[in-house]
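Okay, so the sequence shown: first residue is 1 according to my numbering, each after it adds one.
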Amino acid sequence: MTAARAAVEILKREGVTAAFGVPGAAINPFYRALKEGGGIDHTLARHVEGASHMAEGYTRTKPGNIGVCIGTSGPAGTDMITGLYSAIGDSIPILCITGQAPTHVIHKEDFQAVDIASIAKPVTKMAVTVLEAAQVPGVFQQAFHLMRSGRPGPVLIDLPIDVQLTEIEFDPETYEPLPVYKPAASRAQIEKAIGFLLASERPLIVAGGGIINADASALLVEFAELTGTPVIPTLMGWGTIPDDHELNAGMVGLQTSHRYGNATYLESDFVLGIGNRWANRHTGYKLDVYREGRTFVHVDIEPTQIGKIFAPDYGIASDAKAALALFVEVARELKAAGKLPDRTAWIAAGQERKATLLRRTHFDDIPIKPQRVYEEMNKAFGPETRYVSTIGLSQIAGAQMLHVYKPRHWINCGQAGPLGWTIPAALGVAKADPEGQVVALSGDYDFQFLIEELAVGAQHRIPYVHVLVNNSYLGLIRQAQLGLDINFQVNLEFENVNSPELGVYGVDHVKVAEGLGCKAIRVTDPNELGAAFEQAKKLAQEFRVPVVVEAILERVTNISMSRTADISDVTEFEEIATEAWHAPSAIKTFKA
1 MTAARAAVEI LKREGVTAAF GVPGAAINPF YRALKEGGGI DHTLARHVEG
51 ASHMAEGYTR TKPGNIGVCI GTSGPAGTDM ITGLYSAIGD SIPILCITGQ
101 APTHVIHKED FQAVDIASIA KPVTKMAVTV LEAAQVPGVF QQAFHLMRSG
151 RPGPVLIDLP IDVQLTEIEF DPETYEPLPV YKPAASRAQI EKAIGFLLAS
201 ERPLIVAGGG IINADASALL VEFAELTGTP VIPTLMGWGT IPDDHELNAG
251 MVGLQTSHRY GNATYLESDF VLGIGNRWAN RHTGYKLDVY REGRTFVHVD
301 IEPTQIGKIF APDYGIASDA KAALALFVEV ARELKAAGKL PDRTAWIAAG
351 QERKATLLRR THFDDIPIKP QRVYEEMNKA FGPETRYVST IGLSQIAGAQ
401 MLHVYKPRHW INCGQAGPLG WTIPAALGVA KADPEGQVVA LSGDYDFQFL
451 IEELAVGAQH RIPYVHVLVN NSYLGLIRQA QLGLDINFQV NLEFENVNSP
501 ELGVYGVDHV KVAEGLGCKA IRVTDPNELG AAFEQAKKLA QEFRVPVVVE
551 AILERVTNIS MSRTADISDV TEFEEIATEA WHAPSAIKTF KA
């Protein structure tokens, strides 16, 4: 068979059933093999970067998924670099396959010939141009081994067109994936780590995205319950423990944090980090504030992560699931022996903060205040909802005010945060969970970056609901410019000659979405948001296409965040809750 056909057969035997991409001359032999081999459902993207983000969304939705994105030579590969960067930053395995000019002219600056392997190397676990057809099976086998072993991450395989077409000897019936390697903690290491926990009075667990990657959320919750230890999920770990669980202490950070989460963290004396990176949006840049008065134990699958941001008091290189299995085992034994301290008072103090330190969400203003949008989303979309978002004030406010109850139900590009990520990622999520409720969240600028991918949802009948909060501003950048006393090149407003009813809100997203084959609803009154969300759900199911709900916001809102990069100094620009009706969809009813 051809090397391209061998590659397709390996994909199937490694569990791949879906791929996203855009064909082109240099990758057409692979597409022929894809068609002839069958068994892999291909979604045609409109932009190759979009295909890479679809692959990310697909991977992030279910344990074991590996999204595959495919493009031709030259700019197709460079377009997918952002997806690879996003994937490696969040430890997400995706496989990027590119076509390449024939081997004998790569070095001659042939049309669309570029050294994509060198370009991709810093943002992948492996990036290789295969020059010998007989090596194709081994390279693909190694790719899946690397993507799944240790800290997960992406791989790029570049296939010259002549390599794809060359016939090789390959027996797919006897192909076997390589064993996956993951470091595992020892019993002695776990016992020492629990010793720190037992010696503390006000402990916390910081639960990172590594727990979700390891499919270990149930073990985390069991360990927290056994030891009575409150949990601070990171933005990437949100959903590891339900928001309404009494041991969920809220999120911590400069931006995507809760008032009660930061307050509880600042009262703690011991922190056990599992599968987290100590990212600066979580810790703040003033590490002395984050660390002062606390002892730290850090568990991470990647040994070089331990000590990268700061030196913990004890570090363990281990897969989160392997470590948590031992944490649970030891904790059970200690509980049976009556050696676990009573944390009732510490837990109760956290729950008290959770009921008192709330931000106000209920406003009846027109134009709509963004806080009201998230309040209505909490009412309209239940605990089964998978939220998808990337960056901006919309994402920050969403993380402060929405509720997540399950792992892989907050699907967020955490480290890279590229604008435009949300639409294609949501399509990948909906493709991976076709019967689930998928709700994307974007500001107007993120929405416009890869807006053409909505047509993919229309063509391939991929329904989801996209909540678009539109203030015709680069809201987060405008807010970041406050410290510089400027408001420069962040205004998106203009009077649209084709849609004068929009005033200065510029782009008519409803017309654009409809022109791309989707459904769209515009809302200007906050009291109509709930009905719009219900209608959107029905339209998505009836027409099997993306449905956009655009909320026209007030032009300027400052969302709570630290202006000093200090988690103890978060500015509350808007009103806080002082009465129960101020935050009617909060996890706990406001307590005066």
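For glycine and all other residues, C-beta sits at the position ideal for the given N, C-alpha and C.
Residue 231 places its beta carbon less than 7 Å from that of residue 205. Going by C-alpha positions, residue 72 is about 35 Å away from residue 506.
Runs of the alpha helix (DSSP H) lying entirely within the stretch 261-333, each at least 4 residues long, are 280-283, 287-291 in chain order. Per the C-alpha coordinates, the member of 352, 198, 57, 544 positioned closest to residue 330 is 198. Inside the stretch 540-567, DSSP marks whole beta strand (DSSP E) runs of 3 or more residues at positions 547-552, from first to last along the chain. Looking only at 36, 578, 68, the smallest Cα-Cα distance to residue 87 is reached by 68. Taking the Cα positions, residue 498 is about 39 Å away from residue 582. Straight through space, the alpha carbons of residue 392 and residue 511 are spaced by roughly 24 Å. For residue 444, the secondary structure class from DSSP, reduced to helix, strand or coil, is helix.
The stretch 87-104 and the stretch 405-417 touch, with three or more beta-carbon pairs separated by less than 8 Å. DSSP lists no bridge partner for residue 584. Counting only runs that start and end inside the stretch 162-217, the beta strand (DSSP E) elements of at least 3 residues fall at 203-207.
One alpha carbon belongs to residue 287, the other to residue 492, and they sit about 36 Å apart. Residue pairing by DSSP places residue 94 opposite 67 in a beta bridge. Cβ neighbours of residue 443 within its own chain (closer than 7 Å, five residues either side excluded): 392, 393, 394, 469, 475. DSSP places residue 589 in the coil class of the three-state scheme, outside both helix and strand. Remark: C-beta atoms of residue 124 and residue 156 approach each other more closely than 7 Å. Inclusion of residue 160 and residue 112 in the CB contact set at 7 Å is not warranted, their separation being larger than that value.
Collapsing the DSSP output to three states places residue 144 in a helix.
The alpha-carbon separation between residue 540 and residue 532 amounts to approximately 12 Å. In the three-state DSSP reduction, residue 530 falls in the helix class (H, G or I). Distance check between residue 350 and each of 46, 52, 229 places 229 closest, using alpha-carbon atoms only.
Residue 468 sits in a strand when the DSSP states are folded into three classes. Per DSSP, reduced to three states, the secondary structure at residue 573 is coil, with no helix or strand assignment. Contact check for residue 434 and residue 453: beta-carbon distance about 17 Å, past the 8 Å limit, so the pair fails to qualify. In terms of Cβ geometry, residue 485 and residue 496 do not form a close pair [threshold 7 Å].
Between residue 296 and residue 313, the C-beta spacing is below 7 Å. Taking C-alpha positions only, residue 208 is separated from residue 385 by approximately 20 Å. In the three-state reduction of the DSSP assignment, residue 405 falls in the coil class, being assigned neither a helical nor a strand state. Three or more pairs of CB atoms, one per stretch, sit closer than 8 Å, so the stretch 457-468 contacts the stretch 541-558. Put simply, of 534, 530, 551, 488 the residue whose alpha carbon is nearest the alpha carbon of residue 522 is 551.
Residue 489 sits exposed, since fewer than 16 C-beta atoms from the chains shown fall within 10 Å of its C-beta. As the crow flies, the alpha-carbon of residue 457 is around 12 Å from that of residue 429.
Between residue 417 and residue 450, the C-beta gap is not smaller than 7 Å, which leaves the two residues out of contact. Within the same chain, 9 come within 6 Å of residue 172 by CB-CB distance, once the 5 residues on both sides are set aside.
Residue 19 and residue 143 have their C-alpha atoms roughly 16 Å apart.
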